[in-house]
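Visitor: One structure follows; several queries about it will come next.
In the numbering used here, the protein residues as written are 8 to 583.
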């Protein structure tokens with residue numbers, strides 16, 4: 008009988024005969040066939056293990072076996088039977104089940120981010136011929152990534168896949184790549200600024216249904232909120248839990264800070280929890296963020312048992328997520344073209360789209376046109392004849408928020424970290440993760456690579472990379488007081504990459520909701536996709552994918568109109 012030492016960020020215990028399907032960390036004998044990350048004898052757990060503020064020494068008692076640790080990802084949660092997943096699955100199936108068009112439409116789509124890829128994928132499923140144009144030489148848009156000269160990847164952002172992303176989860180299943188998501192334990196982990204190097208956790212018990220598991224997680228955490236604060240926050244949140252989506256959308260006129268104060272929630276709740284949450288959701292602080300954004304997240308997290316459970320992609324997004332979508336599109340005779348930047352939207356005399364003019368001087372025509380770029384790029388290329396149309400005029404309110412993603416490779420394995428996303432609660436940083444632990448492709452048993460979101464970034468976006476790294480190191484010295492110092496007298500930087508996005512997801516400030524456009528524009532044959540367009544998941548990967556499905560759905564519904572429009576155009580050309 009083997010003795011198996013199970014170690015996680017939550018506990019440290021000796022167990023016998025742990026079933027392989029449920030263990031996170033186990034002995035070589037029980038996990039040798041696992042696809043998880045191995046840390047046999049590594050320094051990941053350090054000379055001692057810090058567990059909920061306590062240190063457990065690794066010194067073994069006489070007669071015990073040597074502890075060896077392997078970190079194994081958690082099983083995919085049971086989300087396929089949730090109402091939102093089934094709704095998303097039904098929408099996906101509707102494209103495959105739709106009547107095959109007698110004349111497939113050629114739809115020209117600008118932007119190969121998740122919104123454009125989703126639009127193209129589902130149009131191809133419906134039997135049409137998308138032509139997807141990407142301005143850059145890399146897929147993914149806001150999930151793009153690049154490989155440096157050493158073969159290491161650096162990304163546009165730190166991307167987390169939640170259980171409450173039903174359309175994203177369906178997409179992974181449809182592509183047969185569910186195994187590319189590395190699910191982590193169901194927890195939210197926050198750094199403690201007043202206790203440098205320590206963390207506070209919200210652990211969601213698997214045995215309890217929603218919303219009880221979320222309420223339990225909040226009630227069990229006594230390090231961040233007091234009982235009176237929890238009670239006042241719960242009372243303030245009741246209308247949101249009972250009122251549903253209509254109540255949530257009605258709170259768009261208030262910032263998080265204003266909403267909390269109007270409900271009698273103490274400011275310390277905002278400071279302790281919602282600064283970190285606001286920066287993670289939209290890269291801005293609670294005095295700017297619309298409360299609608301927070302309530303949508305809380306509703307999903309509290310009403311779905313696995314809604315807040317997180318997964319990391321097992322490698323770089325362009326290859327591990329975007330390329331399978333491209334392969335699917337191409338298998339159905341669609342096209343994807345890189346280095347195809349649009350210079351101008353050329354119009355017909357009636358104000359409809361005639362064609363796209365590309366930077367290389369070539370033109371491309373189609374039966375319908377989609378702009379799936381960020382809203383700021385759309386506004387730059389919007390024809391003058393359209394700018395005063397109310398549908399487009401309202402876009403002036405929607406502006407992308409700047410964000411900076413920082414990657415730092417250190418000369419050693421950092422010990423004070425987790426196999427999880429961490430909320431820094433730093434004034435300069437949002438969330439971070441040791442990607443050498445959380446991601447299979449980036450795994451390194453000897454050196455840590457921290458990926459950090461630097462936000463809010465408005466005051467920093469124009470500063471030099473070295474200034475940003477210096478500021479980041481000062482914050483990391485507080486998170487890793489025993490391992491990192493600002494002057495690098497402890498852990499030393501081997502290299503770094505700083506990725507600046509001057510206009511990322513749209514800034515979800517109050518009163519934006521009425522300005523978000525539907526995917527079908529008032530211009531016949533012209534459509535929009537993107538997380539800024541109307542869908543219930545706001546600025547997120549889920550929102551981008553859902554917007555693409557809605558865009559594709561609108562085009563499929565408009566099929567007869569688009570065919571008639573094409574015939575009319577051909578007839579008019581013949582008369583001339």
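All C-beta atoms, glycine included, are put in the ideal place defined by N, C-alpha and C.
(1) Below 8 Å CB to CB, which residues in the same chain sit around residue 303 once its five sequence neighbours on both sides are set aside?
(2) Candidates 433, 165, 225 and 180: which alpha carbon is nearest residue 457's?
(3) Does residue 82 pass the burial test, meaning 16 or more other C-beta atoms within 10 Å, or should it be called exposed?
(4) Look at residue 548 and residue 175 and say whether their C-beta atoms are less than 7 Å apart.
(5) Quick one: what does DSSP say residue 504 is sitting in, helix, strand or coil?
(6) In or out: residue 185 buried (at least 16 other Cβ within 10 Å) or exposed?
(7) Going by the CB atoms, is the gap between residue 147 and residue 325 shorter than 7 Å?
(8) If I measure Cβ to Cβ from residue 275 and keep anything under 7 Å in the same chain, skipping five residues before and after, which residues do I get?
(9) Spatial neighbours of residue 531 within its chain, please: CB distance less than 7 Å, with the 5 preceding and 5 following residues excluded, ordered by chain position.
(10) Residues in its own chain within less than 6 Å of residue 138 by CB, not counting five upstream and five downstream?
(11) Leaving out the 5 sequence neighbours to the left and right, which residues in its chain are closer than 7 Å to residue 381 when beta-carbon positions are compared?
(12) Quickly, what does DSSP pair residue 120 with across the bridge? List them, please.
(13) Taking the continuous beta strand (DSSP E) assigned at residue 393, which residues delimit it?
(14) Would you call the CB atoms of residue 534 and residue 405 closer than 7 Å?
(15) Are the CB atoms of residue 378 and residue 117 within a distance shorter than 7 Å?
(16) Would you list the one or two residues that DSSP bridges to residue 344?
(17) Taking three-plus beta-carbon pairs below 8 Å as touching, is the region 289-307 in contact with the region 460-475?
(18) What residue from 455, 218 and 483 has the CA that sits closest to residue 437's CA?
(19) Figure out for me which residue from 201, 502 and 455 has the closest Cα to the Cα of residue 477.
(20) Can you tell me whether residue 568 is buried or exposed? The criterion is at least 16 other CB atoms within 10 Å of its CB, across all chains shown.
(21) Let me confirm a value: residue 432 is counted as buried when at least 16 other C-beta atoms fall within 10 Å, else exposed. Which label applies?
(22) Thinking just about the alpha-carbon of each residue, which of 257, 498 and 429 is nearest to the one in residue 319?
(23) Could you please give me the residues that DSSP links to residue 440 through a beta bridge?
(24) Alpha carbons only, please: which of 403, 224 and 253 is nearest the one belonging to residue 241?
(25) By Cβ distance, which residues of its chain are closer than 6 Å to residue 353, with the 5 residues on each side in sequence left out?
(26) With a threshold of 6 Å (Cβ to nearest heavy atom), would residue 372 be considered close to the ligand ATP?
(27) Check this for me: beta carbons of residue 345 and residue 141, under 7 Å apart or not?
(28) Quick check on this structure: which residue in 357, 280 and 103 has the alpha carbon closest to the alpha carbon of residue 199?
(29) Thinking C-beta only, is residue 98 closer than 7 Å to residue 541?
(30) Can the beta-carbon of residue 612 be found less than 7 Å from the beta-carbon of residue 558?
(31) Using C-beta distances below 7 Å, list every residue in its chain close to residue 490, excluding the 5 sequence neighbours before and after it, in chain order.
(32) From what residue to what residue does the beta strand (DSSP E) around residue 412 run?
(33) For residue 316, name the three-state secondary structure that DSSP assigns.
(34) Roughly how many whole angstroms lie between the Cα atoms of residue 300 and residue 574?
(35) Pull up the DSSP beta-bridge partners for residue 89, would you.
(36) Which residues in the same chain as residue 393 place their Cβ atom closer than 6 Å to its Cβ, once the five residues preceding and following it in sequence are excluded?
Guide: Considering the structure as presented:
(1) 255, 543, 544 and 545
(2) 165
(3) exposed
(4) yes
(5) strand
(6) exposed
(7) yes
(8) 236
(9) 359 and 572
(10) 115 and 342
(11) 407, 510 and 537
(12) 147
(13) Taken as a continuous stretch (DSSP letters only), residue 393 belongs to no beta strand (DSSP E), as it is neither H nor E.
(14) no
(15) yes
(16) 140
(17) yes
(18) 483
(19) 502
(20) exposed
(21) buried
(22) 429
(23) 458
(24) 224
(25) 361, 362 and 364
(26) Judged by which ligands are present, the structure shown has none, so any question about the ligand ATP falls away.
(27) yes
(28) 280
(29) no
(30) In the structure as shown, the chain begins at 8 and stops at 583. Residue 612 is therefore absent and cannot be evaluated.
(31) 421, 422, 423, 497 and 498
(32) 410-417
(33) coil
(34) 44 Å
(35) Paired residues: none, contrary to the question.
(36) 399
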